[in-house]
Ligand SMILES: [Zn+2]
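This is how it looks when you write it as structure tokens:
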């Protein structure tokens with residue numbers, strides 16, 4: 107299952123804490139918030155004295171962040187200057203290890219700041235965020251484009267073969283060099299100036315794209331004063347639509363647009379004209395020739411990125427951007443997309459035939475179009491796979507899922523035990539803290555969970571770090587999971603959907619990747635791995651949610667303790683393969699578009715986005731009339747402004763790894779300590795300390811395979827079977 111993160115854990119060397127809202131970076135310059143001066147009374151001044159250096163949330167005030175962040179940046183710049191100007195010849199110790207030790211104050215404060223701004227924000231914190239985001243971006247540039255510093259990094263890199271380094275230190279040398287080069291450190295001053303101009307224009311256009319898209323999505327809402335147009339919506343959905351109209355001071359009902367091509371309400375709307383109108387609003391939201399039209403913006407962005415790739419010495423932008431990913435090259439990513447396309451489109455074709463048969467049986471008298479798909483697929487789903495949430499939820503009580511499911515699987519696989527700690531301060535009263543112990547009783551980590559929805563919390567679910575593991579810095583990991591489950595009334599149990607259960611296992615999988623981290627250097631630790639690897643441990647951990655021995659252990663009725671009836675459990679399992687031809691094809695089409703845009707050479711002319719998109723889908727055999735891409739180029743936020751440029755394939759790539767890895771467990775005896783310990787030792791504890799392709803292959807004993815992914819999505823059936 108794919109889990110879109112709100113906080114994708116992209117961090118880089120030197121700045122383990124800096125992932126502060128990219129979108130805010132372009133916010134209008136603001137006067138700095140009135141900040142106190144920084145001194146020993148600031149709770150970030152020195153490392154926390156609490157167990158595991160846990161943040162002293164009982165002492166931290168909103169007004170403490172900004173002075174600590176500013177002091178942290180100033181301190182790191184001083185440290186970096188001292189490294190760059192060191193008269194001694196460069197060594198790994200006086201340069202790269204010294205860099206690893208730099209910026210500890212900044213890390214300490216920014217990790218906590220990221221946590222509270224994501225999970226428990228307020229107006230004051232948001233002001234600090236808007237003020238600091240561009241300063242933090244500039245801070246990072248100041249380090250990467252420091253030419254004296256880079257000269258030292260390069261000197262070490264060039265003689266690395268003669269240095270007799272341990273494997274992790276060698277990886278650090280190669281990784282740091284790669285990150286500096288990727289940022290443009292190797293360019294002449296003239297080319298650095300060119301790069302700076304490209305980056306500035308790119309950032310301006312990304313911001314323009316975001317603003318246009320936001321306005322376009324708002325303008326694309328469907329409005330009506332005729333309730334019959336919305337026939338099929340539930341009372342609750344109608345109430346939400348009435349409320350959306352009121353919020354806009356409009357009469358009647360409003361169905362706002364969501365960011366994907368397909369819109370959730372299309373599943374329920376029985377009026378075909380309404381479905382078509384909503385779909386058209388979605389599909390054409392940014393192509394109306396008005397002020398919100400993004401086509402010229404994305405055409406120029408693609409051209410700029412091609413120029414950037416060429417300037418940095420690569421045939422195209424994707425080739426540059428994939429150098430530090432597991433896939434390494436656009437060719438590998440494209441080959442992967444190509445390999446999945448036939449099974450996905452063949453299944454989507456059969457799903458389309460099923461739907462057409464249903465339309466014909468109901469004497470619809472029309473050919474299936476994209477705006478019909480969800481509506482009729484839902485009828486197929488109801489007939490073949492129906493799951494009643496209210497029947498299921500009593501078996502998924504939160505504490506049972508956590509302790510008898512999530513913790514239980516971690517105990518069986520890795521020997522972990524958990525003890526709740528009420529003495530560790532938290533940032534909000536719903537947050538719980540557990541100390542995690544290894545099989546031999548050694549303290550391993552602190553793990554926080556913050557599961558219930560709040561108005562001041564970002565949507566979705568995510569994992570992040572409060573203290574990063576590092577042997578160099580003597581730090582054990584402190585990590586947290588956030589979700590948005592419905593909070594029950596006082597005294598009532600929290601009953602979850604199976605999606606929620608899966609989310610808990612998913613985020614805990616990221617948590618294990620952070621908690622098992624056992625590396626020397628903080629910038630190679632835990633979840634600090636490439637985009638196309640980071641979702642692997644989390645998605646892998648989802649598999650245990652439905653593993654029979656684990657499922658039976660937690661899925662018990664909260665009142666009676668009875669296990670879930672077998673036929674109900676079987677329905678959950680079967681529903682996972684519903685509509686997977688469509689789902690996989692729409693994602694592949696988006697991934698293919700992303701890659702085609704980003705392999706354009708710098709010599710290519712400015713593209714017409716519509717022509718380009720149609721040709722790209724034809725060329726990649728993903729042009730299905732009833733299955734449009736999950737995002738059209740002109741509203742593909744991930745790739746134009748959210749850091750997934752040439753990276754959208756990463757979701758599926760990680761899925762290949764997690765299904766493949768789970769298959770390995772199944773082939774080797776399933777949930778055993780021996781299997782768990784081997785996986786922990788060879789993968790989960792290793793962070794980014796070796797080439798990820800090599801790490802994966804060493805553990806698996808072969809190349810990754812797409813077959814288990816196709817099987818998990820139910821696409822491995824024999825021809826003719828249903
Ligand atoms: Zn995730």
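Residue numbers (this note's numbering): 107 to 828.
All residues carry an ideal CB built from backbone N, CA and C; glycine is no exception.
Worksheet entry | Coil, strand or helix - residue 168 by DSSP | For the purposes of this step, residue 168 is taken as the residue at position 62 of the chain shown. Note: residue 168 maps to helix in three-state DSSP.
Discussion item. Rounded to the nearest angstrom, what separates residue 178 and residue 739 at their Cα positions?
Written reply: Counting from 1 along the chain shown, the entry for residue 178 is found at position 72. Counting from 1 along the chain shown, the entry for residue 739 is found at position 633. Residue 178 and residue 739: Cα-Cα distance of roughly 40 Å.
Item to complete: Starting from residue 554, follow its DSSP beta bridges and name the residues at the other end.
Response: For the purposes of this step, residue 554 is identified with residue 448 of the chain shown, where counting begins at 1. Per DSSP, 539, 586.
Discussion item. Within 8 Å, do at least three Cβ pairs link the segment 646-660 to the segment 470-484?
Written reply: no
Fill in: Uninterrupted alpha helix (DSSP H) stretches inside the segment 638-687 (no shorter than 4 residues)
642-648, 654-660, 672-681
Fill in: Beta-carbon gap between residue 480 and residue 336 smaller than 8 Å
Working through the chain shown from its first residue, we reach residue 480 at position 374. Working through the chain shown from its first residue, we reach residue 336 at position 230. The answer is no: Cβ separation not under 8 Å.
Discussion item. Between which residues of its own chain and residue 814 is the CB-CB distance below 6 Å, once the five residues before and five after are set aside?
Written reply: On the chain shown, position 708 is the one that residue 814 refers to. So the qualifying residues of the chain are 765, 766, 769.
Practice prompt. Would you kindly report the start and end of the unbroken beta strand (DSSP E) that includes residue 524?
Written response: As a working note, residue 524 is residue 418 in the chain shown. Run containing residue 524: 523-526, per the beta strand (DSSP E) assignment.
Discussion item. When you compare the CB of residue 674 with every CB in chain B, is at least one pair closer than 8 Å?
Written reply: Structure shown: chain B not included; a single protein chain is present.
Fill in: Closer than 7 Å: residue 649 CB and nearest ligand 1 heavy atom
In the chain shown, counting from the first residue as 1, residue 649 sits at position 543. Answer for residue 649: no, Cβ out of range of ligand 1.
Worksheet item: Does DSSP put residue 573 in a helix, a strand or coil?
Response: As a first step, residue 573 is located in the chain shown; it is residue number 467 there, counting from the start. The answer is strand: DSSP assigns residue 573 an E or B state.
Item to complete: Over the uninterrupted alpha helix (DSSP H) stretch that includes residue 310, give me the two end residues.
Response: What you label residue 310 is simply residue 204 of the chain shown in a count that begins at 1. 295-325 is the span of the alpha helix (DSSP H), which, as asked, contains residue 310.
Fill in: Bounding residues of the alpha helix (DSSP H) (the contiguous stretch that carries residue 287)
Sequence index remark: in the chain shown, residue 287 carries index 181 (1-based). That run of the alpha helix (DSSP H) goes 273-288.
Fill in: Cβ neighbour criterion (16 or more within 10 Å) applied to residue 290
As a first step, residue 290 is located in the chain shown; it is residue number 184 there, counting from the start. When all chains shown are included, residue 290 counts as buried.
Discussion item. Quick check on residue 622: does DSSP put it in helix, strand or coil?
Written reply: Start at 1 with the first residue of the chain shown, and residue 622 comes out as number 516. Coil at residue 622, not helix or strand.
Worksheet item: Any idea what DSSP makes of residue 147, helix, strand or coil?
Response: In the chain shown, counting from the first residue as 1, residue 147 sits at position 41. If DSSP states are grouped into helix, strand and coil, residue 147 belongs with coil.
Worksheet item: What residue from 149, 255, 163, 389 has the CA that sits closest to residue 200's CA?
Response: As a position in the chain shown, residue 200 is number 94, starting the count at 1. Selected option, being the one with the closest Cα: 255.
Worksheet entry | Identified DSSP bridge partners for residue 581 | Sequence index remark: in the chain shown, residue 581 carries index 475 (1-based). Residue 581 pairs with 576.
Worksheet item: Quick one: what does DSSP say residue 329 is sitting in, helix, strand or coil?
Response: Counting from 1 along the chain shown, the entry for residue 329 is found at position 223. Residue 329 falls in the strand class under three-state DSSP.
Worksheet item: Whole-angstrom Cβ separation of residue 421 and residue 752, contact assumed at under 8 Å?
Response: Locating residue 421 in the chain shown gives position 315, counting from the first residue. Locating residue 752 in the chain shown gives position 646, counting from the first residue. Not really, about 13 Å apart at Cβ, beyond 8 Å.
Fill in: For residue 361, the first and last residue of its enclosing beta strand (DSSP E)
Within the chain shown, the letter at position 255 stands for residue 361. Unbroken beta strand (DSSP E) run through residue 361: 359-361.
Discussion item. Give me the DSSP bridge partner(s) of residue 568.
Written reply: Position 462 of the chain shown, counted from the first residue, corresponds to residue 568. The partner list for residue 568 (beta bridge, DSSP) reads 588.
Item to complete: State the Cα-Cα distance for the pair residue 840 and residue 609, rounded to the nearest angstrom.
Response: An answer regarding residue 840 cannot be provided, because it is not within the stretch 107 to 828 covered by the chain.
Worksheet item: With respect to 7 Å, is the separation between the Cβ of residue 644 and the closest non-hydrogen atom of ligand 1 below this value?
Response: Locating residue 644 in the chain shown gives position 538, where the first residue counts as 1. Indeed, a heavy atom of ligand 1 lies less than 7 Å from the Cβ.
Worksheet entry | Spatial neighbours of residue 669 in its chain, beta-carbon cut-off 7 Å, leaving aside the 5 residues before and after | For this step, residue 669 is matched to residue 563 along the chain shown. Correct list, in chain order: 658, 661, 662.
Practice prompt. Indicate, with yes or no, if ligand 1 has a heavy atom lying under 7 Å from the CB of residue 744.
Written response: For this step, residue 744 is matched to residue 638 along the chain shown. Residue 744 Cβ: outside cutoff for every heavy atom of ligand 1.
Practice prompt. Determine the DSSP secondary structure at residue 503, reduced to helix, strand or coil.
Written response: The sequence position of residue 503 within the chain shown is 397, counting from 1. Strand.
Practice prompt. Return the bridge partner residues of residue 733 from the DSSP annotation.
Written response: Stepping through the chain shown from its first residue, residue 733 is reached at position 627. The partner list for residue 733 (beta bridge, DSSP) reads 730.
Practice prompt. Assuming residue 223 and residue 318 form a contact by the criterion Cβ under 8 Å, report the distance between their Cβ atoms to the nearest whole angstrom.
Written response: Looking up residue 223 in the chain shown gives position 117. Looking up residue 318 in the chain shown gives position 212. Contact flag wrong, Cβ pair sits at about 26 Å.
Practice prompt. Taking residue 593 as part of the alpha helix (DSSP H), name the residues at either end of that continuous run.
Written response: Translated into the one-based positions of the chain shown, residue 593 becomes position 487. No alpha helix (DSSP H) holds residue 593; DSSP gives it neither H nor E.
Worksheet entry | Host alpha helix (DSSP H) of residue 383 (start-end) | Stepping through the chain shown from its first residue, residue 383 is reached at position 277. Element bounds for residue 383: 378-389.
Practice prompt. Along the alpha helix (DSSP H) that carries residue 559, what are the first and last residues, could you check?
Written response: Indexing the chain shown from 1 puts residue 559 at position 453. Here residue 559 belongs to no alpha helix (DSSP H), and DSSP marks it neither H nor E.
Worksheet entry | CB of residue 695 within 8 Å of CB of residue 723, strictly | Position 589 of the chain shown, counted from the start, is the residue given in the question as residue 695. Position 617 of the chain shown, counted from the start, is the residue given in the question as residue 723. Cβ distance < 8 Å, so residue 695 and residue 723 count as in contact.
Worksheet item: Quick one: Cα of residue 810 to Cα of residue 763, how far?
Response: Locating residue 810 in the chain shown gives position 704, counting from the first residue. Locating residue 763 in the chain shown gives position 657, counting from the first residue. Those two C-alpha atoms are separated by around 7 Å.
Discussion item. With the cut-off set at 8 Å, would you say residue 476 and residue 257 are in Cβ contact?
Written reply: Looking up residue 476 in the chain shown gives position 370. Looking up residue 257 in the chain shown gives position 151. Not in contact: residue 476 and residue 257 (Cβ atoms no closer than 8 Å).
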